[in-house]
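Trainee: Below is one structure. I have some questions about it.
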Amino acid sequence: MVVPTFKELICKIQILTFFRIMSSLGRTHIKQKPDLGANVFLKLTDNVV
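Given below as structure tokens:
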């Protein structure tokens, strides 16, 4: 059994916490403004074409 070092353990915890925060922010953003992403995508593609 390999025991992780303190530095590796802290890094893993930080990465997991970061992904949890980003996923919760993404869910709240989608709930508040469901059409924003589609509108921005359409505007960007219209400018390119």
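Each residue of the sequence shown is one higher than the one before, counting from 2 in our numbering.
Glycine included, each C-beta is placed from N, C-alpha and C at the ideal position.
Values in this document were obtained by computation on a predicted structure and should not be read as measured data.
Leaving aside the five residues before and after LYS13 along the sequence, list all residues of the same chain whose C-beta is less than 8 Å from its C-beta, in chain order.
Mentor: PRO5
Trainee: Pull up the distance between the alpha-carbon of ARG21 and that of VAL3, whole angstroms please.
Mentor: 26 Å
Trainee: When you compare only the Cα positions, how much space is there between LEU26 and LEU17?
Mentor: 14 Å
Trainee: What three-state label does DSSP hand THR18 in the structure shown?
Mentor: helix
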